[in-house]
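Worksheet for the structure shown next.
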Amino acid sequence: MVDVEMLIGMGFSFLMTLTMLVFIGGIVLLRPLMKHLGNYLEARAEERQALGDRSPADWDRLFANLDSLGERLNALEERQDFTEKLLARPEQGSEEG
Numbered sequence: 015m016v017d018v019e020m021l022i023g024m025g026f027s028f029l030m031t032l033t034m035l036v037f038i039g040g041i042v043l044l045r046p047l048m049k050h051l052g053n054y055l056e057a058r059a060e061e062r063q064a065l066g067d068r069s070p071a072d073w074d075r076l077f078a079n080l081d082s083l084g085e086r087l088n089a090l091e092e093r094q095d096f097t098e099k100l101l102a103r104p105e106q107g108s109e110e111g
């Protein structure tokens, strides 16, 4: 006849072994991901700290450059609109003959 205590002991041993394997496997699989995530978060923190260390003159230069880029973009849009209107017009008097 089967000993119940022996079956309970074997089941407990099996569950403990399975639990240990799952934990070890999780550590082995997730460690590289967590390491990369940590590196990414550290780089982001350093980047934010570097941005905070800028002087007001640096920020003024940055905003001036952004304004300049905005003006250039507006001029480019106007030129593109003008070119599109020219191309959309039918040609006048080119086929007289």
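For any residue, its number in this note's numbering is found by taking its place in the sequence shown, counting from 1, and adding 14.
Positions of the beta carbon are idealized from the N, C-alpha and C atoms, including for glycine.
Just so you know, these numbers come straight off a predicted model, no measurement behind them.
Please report how far the alpha carbon of T31 lies from the alpha carbon of R58, in whole angstroms.
-> 40 Å
Below 8 Å CB to CB, which residues in the same chain sit around E60 once its five sequence neighbours on both sides are set aside?
-> none
Rounded to whole angstroms, what's the CA-CA distance from S69 to N79? Just pull it up for me.
-> 16 Å
For M20, is the classification buried or exposed, using 16 other Cβ atoms within 10 angstroms of its Cβ as the cut-off for buried?
-> exposed
Pull up the distance between the alpha-carbon of L43 and that of L55, whole angstroms please.
-> 20 Å
From the DSSP output, in three-state form, read off V16 for me.
-> coil
To the nearest angstrom, how far is it from the Cα of F77 to the Cα of H50?
-> 34 Å
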